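Residue numbers (our numbering): 56 to 515. Following: one structure in structure tokens, then a few remarks.
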């Protein structure tokens, strides 16, 4: 396709350039791509044109004014609004892939992973797209839900490789920014709703309203809803007219807690679920009902549940030690993670290592400090991803939720904090390292450091 064909009915151009793809992010740019340089609130696409040229891009689309550079630039009014049409035109087979989407504050990654694993066991080729990256392409993703051009390109590649189903984490940012516009989303799954991203959405009500949009998409024919969540009715209302399937913990006929996880009975089947946390029981039910709604018999799926594995950094046990790494970075997730260890190890105290991210929702910091100090016996406060904020200021925000009489340690160096927590752990304690989970980097100022909680803990 040449650029004139791409822009037909959108913008007339005299350029006759053959193009190989479209990209919004220079990290994903490939030779022959057209770089779409949008102007956002925090970044300006034209600042990355030189990077795009170095990656082999052959043209630039801009939404403000044409710029001088060594490759053609084309200015298009309201460029963002044209992205779905451009994506669908260049990647027409992307919409042939059926998409199962999962949204909610916590649990998206686990549920998406469980659905993908079950489909694999049932011999359904699928791709997994979310916080952990893009499966099948080994591509890293900086966002839970990739940008619209990356999504279309990925799904086009899936179709070419005979992958007919994609399992996609749908973040509130992704929904609000219309990154999934035009995709063939056949199913939407709701995990839960608690506080997160209020720096972006300003209120919990606005955050919820964005999440609910997913359930009203025309392409969605079935929705899977957590009936235990307080906002279940609101999401059911948003899904009016769709086939609604509810799940709740009481679906299990029996639940017995073990040190390794749970022994459960579901219908006539008794089996183990080999990871911790009552919330994971909900996640398993979400995945089960998703796969059944996709077209498989429940009796065929239930015997597979004991084979599920948790995704990296989700209540991940460190070797054979009483230490876990978890992605918990919201008040509710931190509360659940600590209570989970107390539930499975009632005779042990819980030590927690955590911090809060910079340039993100500041209102959750004191809440997380209050939760940790109320539940954990000891705390080490440390850096998460402070980004451009002062690390000590972030820690001070967390401390504002902790009573002055509570004794804790502050070790800003995260590696040292984790090593200290592990090497000083008492025989009657277990350890939760919370906040970053699977992440392999840490951002301090403009510096991105190699940093993986799991590897640090294993080495320690």
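Ideal Cβ positions, reconstructed from N, Cα and C, are used throughout, including at glycine. Being a predicted model, the structure only gives us computed values, none of them experimental.
Nearest-angstrom Cβ-Cβ length linking residue i and residue j, presumed shorter than 8 Å
i: residue 360; j: residue 302; result: About 13 Å separates the two Cβ atoms, so there is no contact after all.
i: residue 443; j: residue 413; result: 6 Å
i: residue 464; j: residue 435; result: 5 Å
i: residue 499; j: residue 438; result: 7 Å
i: residue 248; j: residue 232; result: So it is not a contact: roughly 19 Å between Cβ atoms.
Limits of the beta strand (DSSP E) - the one that residue i falls within
i: residue 210; result: Per DSSP, residue 210 belongs to no beta strand (DSSP E); it is in the alpha helix (DSSP H), 203-215.
i: residue 311; result: 309-312
i: residue 238; result: Neither: residue 238 is in no beta strand (DSSP E) and is coded neither H nor E.
i: residue 406; result: 404-409
i: residue 129; result: 128-130
i: residue 116; result: 114-117
i: residue 90; result: 88-92
i: residue 378; result: 378-381
Run of the alpha helix (DSSP H) containing residue i, from where it starts to where it stops
i: residue 168; result: 163-176
i: residue 337; result: 333-349
i: residue 430; result: 418-430
i: residue 459; result: From DSSP, residue 459 is part of no alpha helix (DSSP H); its letter is neither H nor E.
i: residue 511; result: 508-514
i: residue 488; result: Unbroken run through residue 488 is the beta strand (DSSP E), 484-489; no alpha helix (DSSP H).
Residues of its chain near residue i, where Cβ-Cβ distance is below 6 Å and the 5 sequence neighbours each way are ignored
i: residue 127; result: 70, 114
i: residue 124; result: 104
i: residue 294; result: 270, 278
i: residue 97; result: Only weak support is given to the placement of residue 97: the predicted model assigns it a pLDDT of 48, under 50, and the question is left unresolved by the model.
Paired residues, beta bridge with residue i - DSSP
i: residue 442; result: 499
i: residue 465; result: 436
i: residue 243; result: 156, 278
i: residue 57; result: 73
i: residue 302; result: 281
i: residue 223; result: 156, 184
i: residue 55; result: Residue 55 lies beyond the stretch modelled for the chain, which goes from 56 to 515, so this question has no answer here.
i: residue 548; result: Because the chain is modelled from 56 through 515, residue 548 falls outside the range shown and cannot be assessed.
Nearest to residue i (by Cα), restricted to the options the options
i: residue 470; options: 499, 507, 460; result: 507
i: residue 143; options: 156, 185, 210; result: 210
i: residue 479; options: 498, 296, 515, 495; result: 515
i: residue 375; options: 465, 513, 269, 441; result: 513
i: residue 151; options: 206, 186, 101; result: 206
i: residue 218; options: 231, 202, 184; result: 184
i: residue 148; options: 161, 212, 85; result: 212
i: residue 409; options: 392, 92, 397; result: 392
i: residue 215; options: 146, 168, 228, 482; result: 146
i: residue 501; options: 231, 440, 186; result: 440
i: residue 163; options: 133, 122, 243; result: 243
7 Å Cβ shell around residue i - same chain, five flanking residues per side excluded
i: residue 399; result: 312, 314, 331
i: residue 326; result: 319, 360, 361
i: residue 291; result: 280, 299
i: residue 106; result: 81
i: residue 473; result: 408, 488, 508, 511, 512, 515
i: residue 202; result: 79, 80, 234
Cβ neighbours of residue i in the same chain (closer than 8 Å, five flanking residues each side left out)
i: residue 177; result: 346, 351, 355, 356, 359
i: residue 89; result: 58, 61, 74, 76, 77, 78, 112, 113, 114, 115, 116
i: residue 131; result: 62, 65, 66, 116, 117, 118, 137
i: residue 193; result: Bear in mind that a pLDDT of 46 at residue 193, under 50, signals an unreliable position, so the number given afterwards is only what the model happens to contain. Within the same chain, residue 193 has no close Cβ partners at all.
i: residue 120; result: 130
Cutoff 8 Å: residue i Cβ touching any chain D Cβ
i: residue 271; result: Absent from the structure: chain D. Only one protein chain is present.
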